[in-house]
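Residues are numbered in the numbering used here as their position in the sequence shown, beginning at 1, plus a constant of 126.
Just so you know, even glycine gets a beta-carbon here, dropped at the ideal spot from N, CA and C.
A short worksheet on the structure shown next.
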Amino acid sequence: MVGADGEQLGVMDTQAALRIAGSADLDLVEVAPLARPPVAKMMDYSKYKYEQAIKAKEARRKQNLVVLNEMKMRPKIDDHDYETKKGHVERFLKQGHKVKVTIMFRGREMAHTELGRRLLERLATDIVDIAQVDSPARQDGRNMIAVFSPRKSAVQPRGGSPGGRPAPVRTP
Numbered sequence: 127m128v129g130a131d132g133e134q135l136g137v138m139d140t141q142a143a144l145r146i147a148g149s150a151d152l153d154l155v156e157v158a159p160l161a162r163p164p165v166a167k168m169m170d171y172s173k174y175k176y177e178q179a180i181k182a183k184e185a186r187r188k189q190n191l192v193v194l195n196e197m198k199m200r201p202k203i204d205d206h207d208y209e210t211k212k213g214h215v216e217r218f219l220k221q222g223h224k225v226k227v228t229i230m231f232r233g234r235e236m237a238h239t240e241l242g243r244r245l246l247e248r249l250a251t252d253i254v255d256i257a258q259v260d261s262p263a264r265q266d267g268r269n270m271i272a273v274f275s276p277r278k279s280a281v282q283p284r285g286g287s288p289g290g291r292p293a294p295v296r297t298p
């Protein structure tokens, strides 16, 4: 048996260990059931569970979740549509997400895949200050795919109000 502050109390009967733990207003918790003899420890089990939950919550908070957003385009995209899609890509990158840009080819467009490659290169040069190319343009069947990841300097800190608007100020 192990005491509340980690000292060895020695080998003892289960009933005696329960009496000692009860007199100290602590729980008797089996920590190594496969050991011979089994090892038990006196502790406040609810406090232990609470501390474990806090540690798990802290670990989840420090965890970095990678999100991959996809933006689809066609090789004959109009300038205004391109600017709109580029704006979406920039927004995703500033939020810290990776972006997969897919150029979809249909029919005879497959004969002119260089248009799609040019489009992806144009996008890469337009967003070079906020993104880096993780995976350069590559053909995958009828699609051409490139993956961009945000630069550390371009990522906006999370928090604040949604949509990037300032939060309303309430006066009492």
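- Which listed residue (LYS202, GLN141, VAL215, THR239) has its alpha carbon closest to that of GLN258: VAL215
- Please list, in chain order, all residues of the same chain as GLN282 whose beta carbon is under 6 Å from its beta carbon, the five residues on each side excluded. LYS220
- Other residues of its chain near GLY222: CB distance less than 6 Å, five sequence neighbours each side excluded: Hits under 6 Å: PRO276, VAL281.
- Query: For ASN195, which residues of its own chain have a beta-carbon under 6 Å away from its beta-carbon, when the five flanking residues on both sides are left out?
  - Reply: PHE218, HIS223, VAL225
- Element boundaries [beta strand (DSSP E), containing ALA158]: 153 to 158
- Anticipated Cβ contact below 8 Å, PRO159 with VAL137, distance rounded: Contact doesn't hold; Cβ gap of about 15 Å is too wide.
- Would a C-beta distance cut-off of 7 Å place LEU241 and PRO201 closer than the cut-off? For LEU241 and PRO201, yes; Cβs fall inside 7 Å.
- Query: What's the call for ILE180, buried or exposed, on a 16-neighbour Cβ count within 10 Å?
  - Reply: exposed
- Message: According to DSSP, simplified to helix, strand and coil, what is MET127?
- Response: coil
- Message: Count Cβ pairs between the segment 170 to 190 and the segment 135 to 155 that sit closer than 8 Å; are there 3 or more?
- Response: yes
- Given PRO262 as reference, the closest of ARG145, ILE271, GLU235 once Cα atoms are compared: Nearest of ARG145, ILE271, GLU235 to PRO262, Cα basis: ILE271.
- Item | Unbroken alpha helix (DSSP H) run spanning GLU209, endpoints | Where GLU209 is concerned, the enclosing alpha helix (DSSP H) stretches over 205 to 220.
- Message: According to DSSP, simplified to helix, strand and coil, what is ASP139?
- Response: DSSP places ASP139 in the coil class of the three-state scheme, outside both helix and strand.
- Query: For MET236 versus ASN269, is the C-beta distance shorter than 7 Å?
  - Reply: no
- Task: Work out the CA separation of ASP260 and LEU144 for me, nearest whole Å.
- Result: Spanning the alpha carbons of LEU144 and ASP260 requires a straight line of approximately 60 Å.
- Query: Which of the three DSSP states, helix, strand or coil, is assigned to ALA272?
  - Reply: strand
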